[in-house]
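For the sequence shown, the positions run 1 to 86 when the UniProt record's numbering is used.
We put the beta carbon where it would ideally sit given N, CA and C, even for glycine.
I have placed the structure first, in the form of structure tokens, so that the comments after it can refer back to it.
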Amino acid sequence: MKEFRPAKKRVEVSVGESVRILRELQELSQSQLSELTGIPQATISAIENGRVNLGVERAKVFARALKCHPAVLVFPGWEVPIERAA
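Spelled out as structure tokens, the structure:
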């Protein structure tokens with residue numbers, strides 16, 4: 001396996017942006033996500049635009065609807081070290 005180098009330039013993604021990105025990748029509107037989660041569309045808009053904090057409980061609800069781990073939403077910039085096989 002070839003060694004790789006991480007990109008020098010990284011993009012910062014906010015919690016709200018991570019929700020929007022995952023929602024759009026799954027081709028869901030805010031209204032559709034609202035139906036799946038029971039969270040009002042206005043609240044989803046406020047979260048995506050950084051006006052309202054996501055919070056742990058909402059992260060769990062969104063994670064179920066968006067089929068991802070809650071940490072993906074709560075810690076969008078988190079770097080996980082890649083361990084090398086021995």
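query, result
"Cβ of Ile47 within 9 Å of Cβ of Val11?", "no"
"Suppose the cutoff is 6 Å on Cβ atoms and the five residues either side in sequence are ignored; what does the same chain contact list for Glu17 look like?", "none"
"Among the residues of its own chain, which have a CB less than 8 Å from the CB of Ile21, if the five just before and after it don't count?", "Val13"
"Using a threshold of 9 Å, state whether the C-beta atoms of Gly38 and Val61 are closer than that.", "yes"
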